[in-house]
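Read in order, the letters of the sequence shown are residues 2 to 273 in this note's numbering. Ideal Cβ positions, reconstructed from N, Cα and C, are used throughout, including at glycine. Just so we're clear, the structure is a prediction, and the values are computed from it rather than from any experiment.
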Amino acid sequence: MAILYNALWYQKLNEHTLELRQDTVTEAAFPSVAMIERNDWTSQAHLLPNFSKCFIGWYKNSAPSCGTSGGPTLPCNCSDAWTQDVVEDLEWQNTSYRYLEFSAPPSLISQSPTTIMILQSFFWYNSTQAFFDSSQNLQPSIWVAIYDRKFTLKQALEKGYTRMILINANGMTAINLGLEYRQALNEEPAYDYSLSISTIPAQDLVCDVSSRKQTASGPCHTSLFLQIPTFDRRISLQSYAMKWTDMIGSAGAYFSFVQLLSWILSGAAFTT
Numbered sequence: 002m003a004i005l006y007n008a009l010w011y012q013k014l015n016e017h018t019l020e021l022r023q024d025t026v027t028e029a030a031f032p033s034v035a036m037i038e039r040n041d042w043t044s045q046a047h048l049l050p051n052f053s054k055c056f057i058g059w060y061k062n063s064a065p066s067c068g069t070s071g072g073p074t075l076p077c078n079c080s081d082a083w084t085q086d087v088v089e090d091l092e093w094q095n096t097s098y099r100y101l102e103f104s105a106p107p108s109l110i111s112q113s114p115t116t117i118m119i120l121q122s123f124f125w126y127n128s129t130q131a132f133f134d135s136s137q138n139l140q141p142s143i144w145v146a147i148y149d150r151k152f153t154l155k156q157a158l159e160k161g162y163t164r165m166i167l168i169n170a171n172g173m174t175a176i177n178l179g180l181e182y183r184q185a186l187n188e189e190p191a192y193d194y195s196l197s198i199s200t201i202p203a204q205d206l207v208c209d210v211s212s213r214k215q216t217a218s219g220p221c222h223t224s225l226f227l228q229i230p231t232f233d234r235r236i237s238l239q240s241y242a243m244k245w246t247d248m249i250g251s252a253g254a255y256f257s258f259v260q261l262l263s264w265i266l267s268g269a270a271f272t273t
């Protein structure tokens with residue numbers, strides 16, 4: 002049996018295959034997003050709870066909730082999809098982070114290309130402490146992760162379906178999302194978005210709690226403008242050439258054939 006396994010099935014059970022194809026979808030789900038602050042890096046924005054906002058279409062505080070507006074009614078307000086509290090327990094690659102997570106609900110669907118989703122998070126900044134720690138006068142930064150809404154941030158990082166991108170927190174950042182539907186080995190298929198990013202920095206820093214030139218007038222905010230410019234989708238599926246269930250079926254067929262052949266060669270098939 003071991004000889005048959007090595008000769009007939011071992012190679013295909015361990016051979017990787019990659020299927021590539023393209024299609025076009027009629028609508029696309031908006032992703033989940035996380036704003037992530039590294040705990041030991043004072044040049045990062047210090048995220049605040051309870052302020053984060055979300056809008057589809059355009060910024061309008063009085064817009065109806067996206068969950069009750071019937072989907073296509075724009076603009077709508079999706080701010081309730083943010084975590085209210087800053088999550089403090091993220092450990093990734095031996096580094097501690099805190100983050101705010103926007104968990105996109107099923108109702109958030111882009112029904113036409115270029116529909117805009119606006120996300121905002123608020124923060125304070127201490128430029129004196131940042132300069133003392135790094136010897137540089139930097140604009141506050143923040144990490145951003147964008148991922149399939151079927152995952153949490155931790156799951157997307159662990160499964161390799163997202164990665165952290167560093168942006169200028171004190172400004173507006175536009176992100177175009179490319180639809181990349183991917184299946185890694187031994188994982189379920191999910192979106193792993195390609196990103197095209199541009200940023201317009203703010204001209205001042207109104208939230209610097211250490212500034213002697215200008216008293217902090219209130220929190221600063223990061224604005225993300227996300228859109229899916231086209232519904233063309235690229236699909237990449239990794240798998241094995243043969244699964245164990247295929248091998249079992251193949252082995253059953255093989256031994257049935259051997260049994261049939263032995264029966265024929267024994268002459269029993271021609272006995273009347």
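Distance, residue j Cα to residue i Cα
{"i": "Asn62", "j": "Gln228", "result": "20 angstroms"}
{"i": "Arg235", "j": "Thr25", "result": "9 angstroms"}
{"i": "Tyr148", "j": "Ser212", "result": "36 angstroms"}
{"i": "Arg183", "j": "Arg164", "result": "15 angstroms"}
{"i": "Ile57", "j": "Ser142", "result": "25 angstroms"}
{"i": "Glu20", "j": "Ser237", "result": "6 angstroms"}
{"i": "Phe232", "j": "Phe124", "result": "34 angstroms"}
{"i": "Thr115", "j": "Leu75", "result": "13 angstroms"}
{"i": "Phe103", "j": "Leu91", "result": "15 angstroms"}
{"i": "Val210", "j": "Thr129", "result": "9 angstroms"}
{"i": "Ser282", "j": "Ser44", "result": "Nothing in the structure corresponds to residue 282, since the chain is present only between 2 and 273."}
{"i": "Gly172", "j": "Ala203", "result": "5 angstroms"}
{"i": "Arg22", "j": "Ser199", "result": "29 angstroms"}
{"i": "Glu181", "j": "Ala64", "result": "31 angstroms"}
{"i": "Asn138", "j": "Asp86", "result": "29 angstroms"}
{"i": "Ala105", "j": "Asp81", "result": "10 angstroms"}
Cβ distance (whole Å) where residue i is taken to contact residue j below 8 angstroms
{"i": "Cys77", "j": "Ser66", "result": "7 angstroms"}
{"i": "Ile119", "j": "Phe226", "result": "6 angstroms"}
{"i": "Leu186", "j": "Gln239", "result": "5 angstroms"}
{"i": "Thr223", "j": "Gln121", "result": "7 angstroms"}
{"i": "Val145", "j": "Met36", "result": "6 angstroms"}
Selected residue, minimal CA-CA separation from residue i, among the options
{"i": "Thr179", "options": "Thr74, Leu48, Ala203, Phe31", "result": "Per the sequence presented here, residue 179 reads as Gly, with Thr not at that position. Nearest C-alpha to Gly179: Phe31."}
{"i": "Pro220", "options": "Thr74, Ala64, Ala170", "result": "Ala170"}
{"i": "Val88", "options": "Arg99, Ala82, Asp81, Gln94", "result": "Arg99"}
{"i": "Thr152", "options": "Ser122, Gln140, Glu188", "result": "A quick correction: the sequence has Phe, not Thr, at residue 152. For Phe152, the nearest C-alpha among the options comes from Glu188."}
{"i": "Glu38", "options": "Thr216, Ile176, Ile168", "result": "Ile168"}
{"i": "Asn177", "options": "Ala29, Leu49, Pro107, Pro230", "result": "Pro230"}
{"i": "Gln112", "options": "Glu28, Trp83, Ala64, Gln137", "result": "Glu28"}
{"i": "Asp205", "options": "Lys214, Ser199, Ser197, Ile198", "result": "Lys214"}
{"i": "Lys155", "options": "Trp93, Asp86, Ser136, Ala64", "result": "Trp93"}
{"i": "Ile117", "options": "Trp59, Asn127, Arg22", "result": "Trp59"}
{"i": "Asn127", "options": "Ala64, Gln23, Val34, Thr216", "result": "Thr216"}
{"i": "Ala131", "options": "Gly68, Trp42, Gln23", "result": "Trp42"}
{"i": "Leu109", "options": "Arg150, Ala64, Leu101, Ser136", "result": "Arg150"}
{"i": "Thr84", "options": "Leu49, Ala64, Glu181", "result": "Leu49"}
Residue i burial status per 10 Å Cβ neighbour count (16 or more: buried)
{"i": "Thr96", "result": "exposed"}
{"i": "Phe133", "result": "exposed"}
{"i": "Ser33", "result": "buried"}
Interface flag, residue i vs chain D, CB-CB below 9 angstroms
{"i": "Phe124", "result": "In the displayed structure, chain D is absent; only one protein chain is listed."}
**Asked** Between the stretch 160 to 176 and the stretch 190 to 203, are three or more C-beta pairs nearer than 8 angstroms?
**Response** Output reads yes: the stretch 190 to 203 touches the stretch 160 to 176.
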